[in-house]
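What follows is one structure encoded as structure tokens, with my remarks underneath.
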Amino acid sequence: MNDALSLNDALWVLLLGSLLGLELIGKVPPTLHTPLMSGANAISGITVLAALTLIIKAGSSGNGGLMALGAVSLGFALFNVIGGFLVTDRMLAMFSRKPARQKEKR
Amino acid sequence: MTAAVVIKYAIELVAVLLLALGIKGLSKVRSARAANQIAAVALALAVLGVLINFLSTSGIDSSAWLWIIGGTVVGGLLGAITSQRVPMTAMPETVALFNGCGGMSSLLVALGVALDPLAGSDGEGTGALVAGISIVVSVFVGAITFSGSVVAMGKLQGWLDTPAWMQSKLRHVINIGLAAVSLVAAIALIASGGDQGLWLLVIGSSLLGIGVTLSIGGADMPVVISLLNSYSGVAAAAAGFVVGSQMLIVADAMVGAAGLILTQVMCNAMNRSLVNVLFGGALGASASAADQGEYQGITSCSAEECALTLETAQRVVFVPGYGLAVAQAQHILREVAELLEAQGIDVAYAIHPVAGRMPGHMNVLLAEADVPYEQLIEMETINPEFPRTDVVIVLGANDVVNPQARNDSSSPLYGMPVLNVEEATTVFVVKRGLSAGYAGIKNSLFERPNTSMVFGDAKKVLSGLAQELRELGVGKAKVG
Numbered sequence: 248m249n250d251a252l253s254l255n256d257a258l259w260v261l262l263l264g265s266l267l268g269l270e271l272i273g274k275v276p277p278t279l280h281t282p283l284m285s286g287a288n289a290i291s292g293i294t295v296l297a298a299l300t301l302i303i304k305a306g307s308s309g310n311g312g313l314m315a316l317g318a319v320s321l322g323f324a325l326f327n328v329i330g331g332f333l334v335t336d337r338m339l340a341m342f343s344r345k346p347a348r349q350k351e352k353r
Numbered sequence: 086m087t088a089a090v091v092i093k094y095a096i097e098l099v100a101v102l103l104l105a106l107g108i109k110g111l112s113k114v115r116s117a118r119a120a121n122q123i124a125a126v127a128l129a130l131a132v133l134g135v136l137i138n139f140l141s142t143s144g145i146d147s148s149a150w151l152w153i154i155g156g157t158v159v160g161g162l163l164g165a166i167t168s169q170r171v172p173m174t175a176m177p178e179t180v181a182l183f184n185g186c187g188g189m190s191s192l193l194v195a196l197g198v199a200l201d202p203l204a205g206s207d208g209e210g211t212g213a214l215v216a217g218i219s220i221v222v223s224v225f226v227g228a229i230t231f232s233g234s235v236v237a238m239g240k241l242q243g244w245l246d247t248p249a250w251m252q253s254k255l256r257h258v259i260n261i262g263l264a265a266v267s268l269v270a271a272i273a274l275i276a277s278g279g280d281q282g283l284w285l286l287v288i289g290s291s292l293l294g295i296g297v298t299l300s301i302g303g304a305d306m307p308v309v310i311s312l313l314n315s316y317s318g319v320a321a322a323a324a325g326f327v328v329g330s331q332m333l334i335v336a337d338a339m340v341g342a343a344g345l346i347l348t349q350v351m352c353n354a355m356n357r358s359l360v361n362v363l364f365g366g367a368l369g370a371s372a373s374a375a376d377q378g379e380y381q382g383i384t385s386c387s388a389e390e391c392a393l394t395l396e397t398a399q400r401v402v403f404v405p406g407y408g409l410a411v412a413q414a415q416h417i418l419r420e421v422a423e424l425l426e427a428q429g430i431d432v433a434y435a436i437h438p439v440a441g442r443m444p445g446h447m448n449v450l451l452a453e454a455d456v457p458y459e460q461l462i463e464m465e466t467i468n469p470e471f472p473r474t475d476v477v478i479v480l481g482a483n484d485v486v487n488p489q490a491r492n493d494s495s496s497p498l499y500g501m502p503v504l505n506v507e508e509a510t511t512v513f514v515v516k517r518g519l520s521a522g523y524a525g526i527k528n529s530l531f532e533r534p535n536t537s538m539v540f541g542d543a544k545k546v547l548s549g550l551a552q553e554l555r556e557l558g559v560g561k562a563k564v565g
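Dropping the structure here:
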């Protein structure tokens with residue numbers, strides 16, 4: 248996807264990304280562990296990009312079988328992404344709904 | 086640099102920034118929902134970036150568009166339907182399923198590139214060796230993630246049990262054998278690039294995923310799912326190396342790190358090391374005979390007696406567990422709590438860090454029933470308050486209230502932080518029977534003189550309790 252990506256660059260990106268992840272997720276209240284796990288899981292479905300790349304490159308070389316394989320991969324990844332984000336939203340909606348309901352009561 | 090390349094870089098940068106903000110925001114209750122949406126937007130942007138990049142360079146073949154749309158519609162629709170249909174109690178299984186599919190996606194991408202090297206890798210930037218290693222990691226970890234997640238889901242759903250031979254030492258031999266096969270296949274694949282090595286690696290690592298997960302007891306499944314969540318990040322980051330995408334590497338390095346931290350948190354909460362969870366097998370098998378003996382001196386009572394005790398209480402603490410969620414009794418629990426509150430009784434919920442089946446799972450389930458957030462009190466905060474509590478009602482929880490975790494150094498639970506409910510004046514344990522909890526061991530709490538068992542399904546007991554309370558006139562002042 249990125250022609251100039253060298254191994255060195257890629258490893259730096261990997262290292263910095265990992266450190267960022269550790270730093271970002273260091274402090275989370277237990278309440279949010281389940282939604283966080285679910286949300287992080289949805290983000291890991293970003294392999295969508297890899298599947299897309301595979302399909303498009305297979306498309307320009309006219310490789311039908313590989314495109315089909317890529318499409319299956321894309322399907323799996325999107326199942327993860329769409330399902331993951333929606334289910335996380337469903338969980339979090341329950342947390343955010345409550346303060347409003349309580350105000351109504353009082 | 087053409088304008089399109091600049092746009093692509095700009096989009097990717099914004100997407101990475103939004104992803105980081107999203108993950109950060111997910112760690113605060115107030116911002117979590119918006120953060121989740123921000124992360125979703127970031128992903129959409131990343132997809133847009135890839136499409137723009139290709140449209141401006143090689144173009145996208147119309148047949149490729151067809152496959153893209155096909156995969157998107159099928160995967161997206163199924164994901165959307167699944168996300169709306171699953172009950173909140175099945176959340177751990179659902180995360181496992183989604184996670185497994187992510188792993189499968191990485192596996193398939195690496196497979197495709199391995200079968201046809203021209204398709205994905207750019208060849209120039211990263212050498213053949215690196216490409217080979219990336220493919221191996223992506224296939225290996227992706228396959229383990231998929232098969233392991235499916236097994237984890239099956240176990241949580243109760244479809245799968247741990248077979249007896251999986252409890253024996255034999256499983257280590259088998260797993261080591263499978264790991265060796267995978268290693269040989271991986272070396273063959275990197276060295277010669279032959280298809281046999283590839284397929285052997287796929288089969289070997291898939292079986293390894295099953296072999297490693299199958300021997301782990303149901304109680305430890307959340308840890309496994311969390312670890313597999315981290316693995317799927319690793320698999321996808323490797324896929325990022327395979328297709329040469331910085332975006333993928335950054336995002337999945339973050340997810341992998343997040344999964345590891347969360348796994349560690351869960352292990353701490355259960356006082357088990359990760360190594361022990363992964364290789365120790367199911368807990369129940371190692372429990373000593375003393376832990377599994379018959380219960381003696383059990384007292385049981387009816388919902389009516391329970392209601393009479395509650396009526397005179399000043400402070401009541403509920404300890405909800407997974408049994409409550411299975412019985413779908415969260416809503417009726419809130420009703421009982423509201424009756425007591427209307428009577429001026431102080432009500433709180435004690436939430437063990439691993440209540441439910443994942444950390445935070447119980448909070449989600451109680452939030453679904455509109456239980457006020459402030460009444461959910463974490464273990465460290467509520468433990469010193471039990472001596473001042475009149476009545477504790479344990480609902481479908483077991484191992485997290487087992488005093489042996491503090492008193493009995495021979496117990497497998499020993500050292501796990503638990504809720505000290507036995508320090509309260511009276512403890513009611515609502516439970517269907519005297520069966521062991523997830524850890525498969527006896528609970529000495531049930532034999533305490535101040536403990537009464539209320540046998541029955543949590544929902545039925547609570548409905549009975551609500552009715553008895555109303556008959557006693559509890560909560561009449563403001564409710565009903």
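Line by line, the protein sequences give chains S and P. Throughout the first sequence, residue numbering follows the working numbering, covering 248 to 353 in sequence. Throughout the second sequence, residue numbering follows the working numbering, covering 86 to 565 in sequence. Glycine included, each C-beta is placed from N, C-alpha and C at the ideal position.
Exercise for review: Report the three-state DSSP secondary structure of P:PRO405 (helix, strand or coil).
Suggested key: strand
Practice item. Taking P:TYR566 as the reference, give the member of S:LEU262, S:GLY312, S:VAL260, S:PRO276 with the closest Cα. Key: Not covered by the structure: residue 566 of chain P. The range shown for chain P is 86 to 565.
Exercise for review: Rank P:ALA342, P:GLY296, P:GLY558 by C-alpha distance to the C-alpha of P:SER317 and give the top, closest one.
Suggested key: Measuring from the Cα of P:SER317, the nearest candidate turns out to be P:ALA342.
Check your understanding: Beta-carbon of P:MET176 versus every beta-carbon of chain S: anything under 8 Å?
Key -> yes
Review point. Would a check of beta-carbon distances place P:GLN331 closer than 8 Å to chain B?
Key: In the structure shown, chain B does not exist; the protein chains are S and P.
Check your understanding: Which two residues bound the contiguous alpha helix (DSSP H) that contains P:ILE478?
Key -> Membership of P:ILE478 in any alpha helix (DSSP H) is not indicated; the residue belongs instead to the beta strand (DSSP E) covering 476-480.
Practice item. Give the single residue among P:ASP246, P:HIS437, P:GLY325, P:ASN483 whose Cα lies nearest to the Cα of P:VAL198. Key: Comparing Cα-Cα distances from P:VAL198 to each of P:ASP246, P:HIS437, P:GLY325, P:ASN483, the minimum goes to P:GLY325.
Exercise for review: For chain S, find out if any of its Cβ atoms is closer than 8 Å to the Cβ of P:VAL114; answer yes or no.
Suggested key: yes
Review point. Do you know offhand how far P:ILE218's Cα is from P:ALA124's?
Key: 30 Å
Review point. Which partner residues does P:TYR434 have in the DSSP bridge list?
Key: P:PHE403, P:LEU461.
Review point. Where P:ALA375 and P:ASN361 are concerned, what is the direct C-alpha to C-alpha distance, given to the nearest angstrom?
Key: Note that P:ALA375 has pLDDT 44, beneath the 50 cutoff, so the model's placement of it is unreliable and the number below is only indicative. Distance between the alpha carbons of P:ALA375 and P:ASN361: 22 Å.
**Study point:** Own chain partners of P:ARG223 with C-beta closer than 6 Å, once the 5 adjacent residues on each side are dropped
**Key:** The sequence shown places Ser at residue 223 of chain P, not Arg. If we look at P:SER223 and ignore the five residues flanking it on each side, its Cβ neighbours are SER191, ALA195, ALA320, ALA323, ALA324, VAL327.
Check your understanding: Can you list, in chain order, the residues of its chain whose CB lies under 6 Å from that of P:ALA117, leaving out five sequence neighbours each side?
Key -> LEU111
Exercise for review: Would you kindly check if the distance between the Cβ of P:LEU103 and the Cβ of P:LEU133 is under 8 Å?
Suggested key: no
Exercise for review: Would you kindly report the start and end of the unbroken beta strand (DSSP E) that includes P:THR511?
Suggested key: 511-516
**Study point:** Residue from P:GLU426, P:ILE478, P:VAL411 whose Cα sits closest to the Cα of P:HIS446
**Key:** P:VAL411
Check your understanding: What did DSSP end up calling P:GLY210 once you bin it into helix, strand or coil?
Key -> Note that P:GLY210 has pLDDT 43, beneath the 50 cutoff, so the model's placement of it is unreliable and the number below is only indicative. Looking at P:GLY210 - three-state DSSP - the assignment turns out to be coil, as it is neither helix nor strand.
Exercise for review: Count the other CB atoms, across all protein chains shown, that sit within 10 Å of the CB of S:LEU266; report buried if there are 16 or more and exposed otherwise.
Suggested key: exposed
Practice item. Reducing DSSP to helix, strand and coil, say where P:MET443 ends up. Key: If DSSP states are grouped into helix, strand and coil, P:MET443 belongs with coil.
Check your understanding: Is P:HIS568 close to chain S, meaning its C-beta is less than 8 Å from at least one C-beta of that chain?
Key -> Only positions 86 to 565 of chain P appear in this structure, which leaves residue 568 of chain P out of reach.
Check your understanding: Applying the criterion that 16 or more other CB atoms from any shown protein chain within 10 Å of the CB defines a buried residue, is P:TYR434 buried or exposed?
Key -> buried
Review point. Mind checking P:ARG115: buried by the 16 CB within 10 Å criterion, or exposed?
Key: Exposed, since its Cβ has fewer than 16 Cβ neighbours within 10 Å.
Exercise for review: List the DSSP bridge partners of P:MET538.
Suggested key: P:SER385, P:VAL514
**Study point:** Burial state of P:ILE261 (16 or more Cβ within 10 Å)
**Key:** Its Cβ having fewer than 16 others within 10 Å, P:ILE261 is exposed.
Practice item. Could you tell me which chain S residues have their CB closer than 8 Å to the CB of P:SER443, listed as they occur along the chain? Key: Looking at the sequence provided, one finds Met at residue 443 of chain P rather than Ser. Ordered by position in chain S, the residues that pass the 8 Å Cβ test against P:MET443 are HIS280, THR281, MET284.
Exercise for review: Could you tell me which of P:SER537, P:GLU396, P:VAL159, P:LEU299 sits nearest to P:LYS516, measuring between CA atoms?
Suggested key: P:SER537
Review point. By DSSP, does P:VAL559 sit in helix, in strand, or in coil?
Key: coil
Review point. In three-state DSSP terms, what is P:LEU140?
Key: helix
Review point. Excluding the five sequence neighbours on either side, which residues of its own chain have a C-beta within less than 6 Å of the C-beta of P:LEU292, listed in chain order?
Key: LEU263
Exercise for review: Under 6 Å Cβ to Cβ from P:ALA273, same chain only, skipping five residues before and after it: list those, please.
Suggested key: GLY282
Review point. Taking the alpha carbon of P:GLY164 as the point to measure from, which residue in P:THR174, P:LEU393, P:CYS186 has its own alpha carbon closest?
Key: Closest by alpha carbon: P:CYS186.
Review point. Excluding five sequence neighbours on each side, which residues of the same chain lie with their C-beta closer than 7 Å to the C-beta of S:ILE302?
Key: MET314, GLY317, ALA318, LEU321
Practice item. Take P:ASN353 as the anchor and find which of P:PRO502, P:ILE166, P:ALA543, P:ILE108 has the nearest alpha-carbon. Key: P:PRO502
Check your understanding: Whose CA, out of P:SER311, P:ILE334, P:GLU507, P:GLU423, lies closest to the CA of S:ASP256?
Key -> Nearest option by C-alpha distance: P:ILE334.
**Study point:** P:LYS109 - containing alpha helix (DSSP H), residue span
**Key:** From DSSP, the alpha helix (DSSP H) with P:LYS109 extends over 88-110.
Check your understanding: Nearest CA to the CA of P:ASN314: which residue from P:LEU547, P:ILE346, P:TYR94, P:ALA88?
Key -> P:ILE346
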